[in-house]
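The structure appears right after this line, and notes come after that.
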Amino acid sequence: MKFLDYLPYAIGCAAGMLLALLVGAVCGLSEDVALVESVALVVLGGGVAEWYWNRLSRR
197 MKFLDYLPYA IGCAAGMLLA LLVGAVCGLS EDVALVESVA LVVLGGGVAE WYWNRLSRR
């Protein structure tokens with residue numbers, strides 16, 4: 197695979213991280229919960245972005 201094939205996943209991970217930071221700052225979560233939340237949102241953001249990108253490219 198080329199390096200640019202990972203671009204949708206990287207963009208999704210960045211968006212998930214920004215969302216995790218925003219939610220953590222607004223809700224004032226404890227450290228343990230914020231860690232789990234940030235990991236989950238980063239992975240989910242990357243996965244959803246890559247899935248959506250692949251779905252659009254098949255059309």
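Going by the working numbering, the sequence shown wraps up at 255, each residue one higher than the last. Glycine residues also receive a C-beta, built at the ideal position from the N, C-alpha and C atoms. The structure presented is a predicted model; accordingly, all values stated were derived computationally and were not measured.
Sequence-distant Cβ neighbours of Leu215 in its own chain, meaning closer than 6 Å and more than five residues away, are Leu237. Assignment of Ser226 by DSSP, reduced to helix, strand and coil, places it in the coil class.
In this structure, the beta-carbon distance from Tyr205 to Glu233 does not fall below 8 Å.
Take Ala230, set aside five residues on each side of it, and the residues of its chain with a beta-carbon closer than 6 Å to its own are Gly220, in chain order.
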